[in-house]
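Undergrad: So the protein sequences, as listed, match chains P and V. Just so we're aligned: 55 in the UniProt record's numbering is position 55 of the first sequence, and the numbers increase by one with no gaps anywhere. Just so we're aligned: 154 in the UniProt record's numbering is position 154 of the second sequence, and the numbers increase by one with no gaps anywhere. Glycine included, each C-beta is placed from N, C-alpha and C at the ideal position.
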Amino acid sequence: MPTTRLTIISVIVAVAALVLVFELLRRRRLREKYAVIWVLISLATVVLAAFPTLLRDAAHLVGIQTPSNLLFFGSVLVLFAVSLQLSREVGLLEEQSRRLAEEVGALHLRVEELEKKQQAAERGSETGRPTPGSEAQSSRRTSAQ
Amino acid sequence: MAPAADRRVALPGTGELLIVMPALNEQDSVARVVREVRAAQPDADVLVVDDGSTDATAERAAAAGAQVMRLPFNLGVGGAMRAAYRWARDRGYRQVIQVDADGQHDAAELETLLAVQAADPSIDIVIGSRFAGKGDYPVRGPRRWAMRMLSVALTSIVGTDVTDPTSGFRLVNRRALALWAEHYPEEYLGDTVEALVMAHRAGLTMRQVPVVMRVRETGRASTNPVRSAVYLLRVIVAIGLAMVRRPPRGGDS
Numbered sequence: 001m002p003t004t005r006l007t008i009i010s011v012i013v014a015v016a017a018l019v020l021v022f023e024l025l026r027r028r029r030l031r032e033k034y035a036v037i038w039v040l041i042s043l044a045t046v047v048l049a050a051f052p053t054l055l056r057d058a059a060h061l062v063g064i065q066t067p068s069n070l071l072f073f074g075s076v077l078v079l080f081a082v083s084l085q086l087s088r089e090v091g092l093l094e095e096q097s098r099r100l101a102e103e104v105g106a107l108h109l110r111v112e113e114l115e116k117k118q119q120a121a122e123r124g125s126e127t128g129r130p131t132p133g134s135e136a137q138s139s140r141r142t143s144a145q
Numbered sequence: 001m002a003p004a005a006d007r008r009v010a011l012p013g014t015g016e017l018l019i020v021m022p023a024l025n026e027q028d029s030v031a032r033v034v035r036e037v038r039a040a041q042p043d044a045d046v047l048v049v050d051d052g053s054t055d056a057t058a059e060r061a062a063a064a065g066a067q068v069m070r071l072p073f074n075l076g077v078g079g080a081m082r083a084a085y086r087w088a089r090d091r092g093y094r095q096v097i098q099v100d101a102d103g104q105h106d107a108a109e110l111e112t113l114l115a116v117q118a119a120d121p122s123i124d125i126v127i128g129s130r131f132a133g134k135g136d137y138p139v140r141g142p143r144r145w146a147m148r149m150l151s152v153a154l155t156s157i158v159g160t161d162v163t164d165p166t167s168g169f170r171l172v173n174r175r176a177l178a179l180w181a182e183h184y185p186e187e188y189l190g191d192t193v194e195a196l197v198m199a200h201r202a203g204l205t206m207r208q209v210p211v212v213m214r215v216r217e218t219g220r221a222s223t224n225p226v227r228s229a230v231y232l233l234r235v236i237v238a239i240g241l242a243m244v245r246r247p248p249r250g251g252d253s
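(1) Under a three-way DSSP split, which group does V/Gln-104 fall into?
(2) Rank V/Glu-59, V/Asn-173, V/Val-237, V/Val-49 by C-alpha distance to the C-alpha of P/Val-104 and give the top, closest one.
(3) In the DSSP assignment, the alpha helix (DSSP H) including V/Arg-32 goes from what residue to what residue?
(4) Just the Cα atoms here: how many angstroms apart are P/Ile-9 and P/Val-15?
(5) Give a yes or no on whether the minimum CB-CB distance between residue 325 of chain V and chain P is below 9 Å.
(6) At a cut of 8 Å, does the stretch 70-77 of chain P reach the stretch 17-36 of chain P through at least three beta carbon pairs?
(7) When you compare only the Cα positions, how much space is there between P/Phe-72 and P/Ala-59?
(8) Look up V/Phe-128 in the DSSP assignment and give the residues it is bridged to.
(9) Tell me whether P/Leu-55 sits in a helix, a strand or coil according to DSSP, three-state version.
(10) Starting from V/Arg-234, trace the alpha helix (DSSP H) both ways and give me its first and last residue.
(11) Taking buried to mean at least 16 other C-beta atoms within 10 Å of its own C-beta, is P/Leu-20 buried or exposed?
(12) List the whole-angstrom C-beta distance separating V/Val-96 from V/Leu-18, where the pair is believed to meet the contact cut-off of C-beta under 8 Å.
(13) On a Cα-Cα basis, can you pick out the residue from V/Met-198, V/Met-213, V/Thr-163 that is closest to V/Ala-146?
(14) What residues in the stretch 176-192 of chain V have a beta carbon less than 7 Å from any beta carbon of chain P?
(15) Restricting to Cα atoms, I'd like to know which of V/Tyr-93, V/Val-193, V/Leu-114, V/Tyr-184 is closest to V/Ala-153.
(16) Between V/Val-37, V/Glu-186, V/Arg-143, which lies nearest to V/Leu-232 when the distance is taken from Cα to Cα?
(17) Cα-Cα, which of V/Trp-180, V/Glu-182, V/Ser-151 is closest to V/Ile-236?
(18) Taking the straight line between their C-alpha atoms, what separation do you get for P/Leu-55 and P/Gln-65?
(19) Using only the alpha-carbon positions, how far apart do V/His-105 and P/Glu-126 sit?
(20) So, under 8 Å CB-CB, V/Pro-22 and V/Ala-80 are touching, yes? Tell me the CB distance rounded to an integer number of Å.
(21) Which bits of chain V does P/Arg-98 rub up against, with CB to CB less than 7 Å?
(22) Which value, in whole angstroms, describes the spacing of the CA atoms of V/Arg-201 and P/Leu-86?
(23) Please state whether the Cβ-Cβ distance between V/Met-149 and P/Ala-106 is less than 9 Å.
(24) Against chain P, with Cβ distances strictly below 9 Å, would V/Val-30 count as a contact?
(25) Nearest to P/Ala-35 by CA position, among P/Val-46, P/Ala-44, P/Phe-22, P/Glu-122, is which residue?
(26) Is the shortest distance between the beta-carbon of P/Gly-63 and the beta-carbons of chain V less than 9 Å?
(27) At 9 Å on the CB atoms, spell out the chain V contacts of P/Val-104, in chain order.
(28) To which residues does DSSP link V/Ala-23 through a beta bridge?
(29) My understanding is that V/Arg-214 touches V/Gly-103, with C-beta atoms under 8 Å, so please give their C-beta distance in whole angstroms.
(30) Would you mind working out which of V/Trp-87, V/Gly-76, V/Thr-112 sits nearest V/Asp-191, comparing C-alpha positions?
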């Protein structure tokens, strides 16, 4: 049976976890979509720490003899779900950054091409300037188009 | 050069064929390969995708006359090829050939690939295969078994002989380009194995053609049994993933 001292300690730990989540959320270090699940988990921890009998009753209901085993089972499930979700997110992020890298490569190449073209055009206009009549020629060409 | 010109498949103007070389730290070979390829296919554009090299690969490729797409970090062959396929699609190229930058593919064999598609335009993907009876290329031990297994599995999935599934010497047309520009697997072996399965599922046709390949000059062929075992395992995973994964939507157009 949990003693009062143990209850106090677990409540303190659970509240600390809740405060940490809240603080991260407040500082915009935690995105809302992750915050909800962590707030829920830490709230549940606080409740369970404050009322250990709840855990015992729940374990009895499910048919688990040792209440702490229900807690472990539940924690493992939650952690499994969370880490699976994070793996999925990491995969998504990797795919997005790969796409971006590919796009950056392509854009780089396009810019280089354009720069080369522009330089060639500038060189052409510089060498073309001294010869008389070239301007008139080019204007004729544009009007003909 | 004249006899080569006689054999050349007619290319209707430039901007039709793009030859892509994914390159990672290949500064010793890339320039020579680019020059060989340009000599063999003067009408084609050559694009070297520098996959995050830390040496002078990009500079030497550019000096040899290739266009160079520099990726900001290493994406692997799969990522490099997807970037190249997207580039080719956006530029309206009709055919793209992938060539290794390490010089193991003979530039003269580009013609062999092109001839297959010229003879039968319904073939979307032409794979240059080193085990299909031309030339001799030494691969032994567990690595050979792994390749055998991969080949048997892929042949049965795709329905046409694929004796060299990991070949990085391939010609694709516009239909395959449309698929691979959007969906190209980036995992190890995925770029060769899963890509073919994906293409097959999207209704694309493929054919292999025997080509001569040179032994890689910068020898990395591993004979380490542990590495070979890992390779075998990855082969199994790659086939498994290719079988299980859902085909991408909207690939077959």
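TA: Considering the structure as presented:
(1) coil
(2) V/Val-49
(3) 30-40
(4) 10 Å
(5) Residue 325 of chain V is absent from the structure shown; chain V starts at 1 and stops at 253.
(6) no
(7) 11 Å
(8) With the sequence shown as reference, residue 128 of chain V is identified as Gly, and Phe is not the correct amino acid for it. Its beta-bridge partners are V/Val-209.
(9) helix
(10) 225-244
(11) exposed
(12) 5 Å
(13) V/Thr-163
(14) Glu-186
(15) V/Val-193
(16) V/Arg-143
(17) V/Ser-151
(18) 11 Å
(19) 44 Å
(20) 4 Å
(21) Leu-75, Gly-79, Glu-186
(22) 30 Å
(23) no
(24) no
(25) P/Phe-22
(26) no
(27) Arg-70, Leu-71, Pro-72
(28) V/Asp-50
(29) 7 Å
(30) V/Gly-76
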